[in-house]
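**Q**
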Amino acid sequence: MTTSELELKNKIITELEIAEKIFNDVRDEMFEKSVVFSRIDESVKPSKIPGFKLIKKGIGEVGEFIAFVVDIRDSTKHLTESISAKTAKVSQLERVYYETTALNTCGIEIINKYNGGITEFLGDGFLALFRAEKNIDVHKAHNAAKDLLKYIELIINPILNERYNLPALKIGIGLAYSKTIVTLIGNNDDLHPKAIGECVYRATKLSNGYNEIRLDERLKMFWPKSDDGKLKFNEITLRDLHFKGYKIG
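By the count of the numbering used here, the sequence shown reaches residue 249 at its end, each step adding exactly one.
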C-alpha cells in the first residue's frame with residue numbers, strides 16, 4: 001500500500017471512529033434539534049459546483065458538466081433485512097451508516113483530487129460534477145471512477161470486514177454529459193445551488209451496475225478520439241429508459 005493509500009485508509013478509519021461515537025450517543029434516543037444559522041446575504045450562496053463558487057439568486061448561467069453519481073447497491077436491503085449476528089457485529093442501521101461514512105470520506109478525497117465537486121450526498125451515495133470544457137476533462141471523471149472502485153476493494157471493504165464483519169460493499173457509478181442551468185432554487189433564506197440538466201438524470205439511472213462504470217451516449221461521443229481502440233464501449237440494455245448506455249470494457 002502506497003503512502004497516499006495509507007493516508008486515505010487512516011482518514012476513513014478516523015471518520016468511522018467519529019461515526020461510531022455519534023451512533024452510540026444517539027442509540028437510545030433519536031431526536032431533532034433546532035439549529036440556528038447565522039444570517040448571511042440571502043441572495044448569494046457559496047457553491048461546490050466547479051467553476052461557480054458563488055451563485056446569485058435570480059441569475060441563471062449555463063455550464064457543461066459530467067455528472068458522476070455513485071450508488072451503494074442493495075442499500076435498502078442492508079437497512080431493512082436482518083443480518084446474522086454470527087456474521088456481523090452491527091445492526092442494519094449501523095451497517096448503512098458506517099458504509100456511507102466510509103464511501104463518502106473516500107469519495108471526497110478522490111473527487112477533490114481530480115478537481116470535481118460533490119454537490120449532494122444522496123443517502124446511499126453522492127452526486128459530483130466535473131467541468132466538461134475540454135475532452136481531457138473526461139479523463140478526470142473516468143479516473144475518479146476507477147480510483148473509487150479500486151479503493152472500495154483495496155481499502156474500504158477490508159476496513160468494513162475487519163471492524164464490523166460486514167460483507168463486501170458493491171457500488172454502481174454512472175457518468176453522463178450535458179449542458180446544465182446553474183442557479184439557486186428555493187425561496188427566502190432556504191436557497192440551494194443546483195446544476196439542472198439531463199446529465200444528472202442520466203447518470204443517476206446509469207448508477208445501477210455492480211462494481212462497474214456506465215456512461216451515456218453523449219459522454220461516449222465527447223470522449224477523446226485519441227482513446228479510440230484503447231477502450232471498448234459495450235452497449236447495455238436500459239430497461240424502461242429512452243437513451244443508450246454503455247459499460248466501459
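Where is the CB? At the ideal position from N, CA and C, for every residue including glycine.
For clarity, every value in this text was computed on a predicted model and none was experimentally measured.
Arg255 to Asp25, Cα distance in whole Å?
**A** As shown, the chain starts at 1 and ends at 249. That puts residue 255 outside it, with no answer to give.
**Q** Relative to the alpha-carbon of Asn187, which residue among Ile110, Thr3, Gly58 has its alpha-carbon at the smallest distance?
**A** Nearest C-alpha to Asn187: Gly58.
**Q** Assign Ile155 to one of three DSSP states: helix, strand, or coil.
**A** Ile155: helix per DSSP, three-state reduction.
**Q** Please report the Cβ distance between Asp71 and Asn165, rounded to the nearest whole angstrom; I am assuming they are in contact, meaning their Cβ atoms lie under 8 Å.
**A** About 24 Å; that fails the 8 Å criterion.
**Q** What residue from Ile55, Glu15, Glu5, Thr3 has the CA that sits closest to Val182's CA?
**A** Of the listed residues, the one whose Cα sits closest to Val182 is Ile55.
**Q** Rounding to the nearest angstrom, what Cα-Cα distance links Glu109 and Leu8 in this structure?
**A** Answer to the nearest angstrom: the Cα atoms are 8 Å apart.
**Q** In the DSSP assignment, find the beta strand (DSSP E) that holds Phe126 and state where it starts and stops.
**A** Residues 125 to 131.
**Q** To the nearest angstrom, report how far apart Glu120 and Leu160 are at their CA atoms.
**A** In a straight line, the C-alpha of Glu120 is about 24 Å away from that of Leu160.
**Q** Could you give the DSSP three-state label for Ser91: helix, strand or coil?
**A** Three-state result, Ser91: coil.
**Q** Whole-angstrom Cβ separation of Tyr98 and Ala19, contact assumed at under 8 Å?
**A** Confirmed, Cβ separation roughly 6 Å.
**Q** Suppose you measure from the CA of Tyr246 to the CA of Glu235; what does that come to, to the nearest Å?
**A** Cα-Cα distance, rounded: 4 Å.
**Q** Taking Asp189 as the reference, give the member of Ile12, Leu6, Lys45, Thr3 with the closest Cα.
**A** Ranking Ile12, Leu6, Lys45, Thr3 by Cα distance to Asp189 puts Lys45 first.
**Q** Just to check my reading of the structure: Ile171 and Ile152 have Cβ atoms closer than 8 Å, yes? What is that Cβ distance to the nearest angstrom?
**A** About 6 Å separates the two Cβ atoms, so the contact holds.
**Q** Starting from His192, follow its DSSP beta bridges and name the residues at the other end.
**A** Bridge partners of His192: Ile185.
**Q** Which residues in the same chain as Phe37 place their Cβ atom closer than 6 Å to its Cβ, once the five residues preceding and following it in sequence are excluded?
**A** A caution first: Phe37 carries a pLDDT of 38, below 50, which makes its placement in the model unreliable, though a value can still be read off. For Phe37, where only same-chain residues beyond five positions count, there are no Cβ hits under 6 Å.
**Q** Could you have a look at Phe222 and say whether DSSP puts it in helix, strand or coil?
**A** Three-state result, Phe222: helix.
**Q** I'd like to check one pair, Leu103 with Gly117: are the Cβ atoms closer than 8 Å?
**A** For Gly117 and Leu103, no; Cβs fall outside 8 Å.
**Q** For Asn135, which residues from the same chain have a beta carbon less than 6 Å from its beta carbon, with the 5 sequence-adjacent residues on both sides left out?
**A** Here the set comprises Pro224.
**Q** What number of angstroms, rounded off, separates the C-alpha of Asn10 from the C-alpha of Glu17?
**A** If I take the Cα positions, the gap works out to 10 Å.
**Q** Between which residues of its own chain and Glu133 is the CB-CB distance below 7 Å, once the five residues before and five after are set aside?
**A** Glu64.
**Q** Determine the direct distance from the alpha carbon of Ile213 to that of Lys146, and round the result to whole angstroms.
**A** Whole-angstrom Cα-Cα distance: 8 Å.
**Q** How should Ser47 be labelled, buried or exposed, when 16 other C-beta atoms within 10 angstroms of its C-beta is the threshold for buried?
**A** Buried: at least 16 other Cβ atoms inside 10 Å.
**Q** Using only CA atoms, which one of Gly249, Ala176, Met1, His192 lies nearest to Lys232?
**A** Among Gly249, Ala176, Met1, His192, the Cα nearest to that of Lys232 belongs to Gly249.
**Q** Using the three-state DSSP reduction, which class does Arg73 fall into: helix, strand or coil?
**A** In this structure, Arg73 counts as coil in the three-state DSSP scheme.
**Q** Between which two residues does the beta strand (DSSP E) carrying Tyr114 extend?
**A** Tyr114 -> no beta strand (DSSP E), and no H or E assigned at all.
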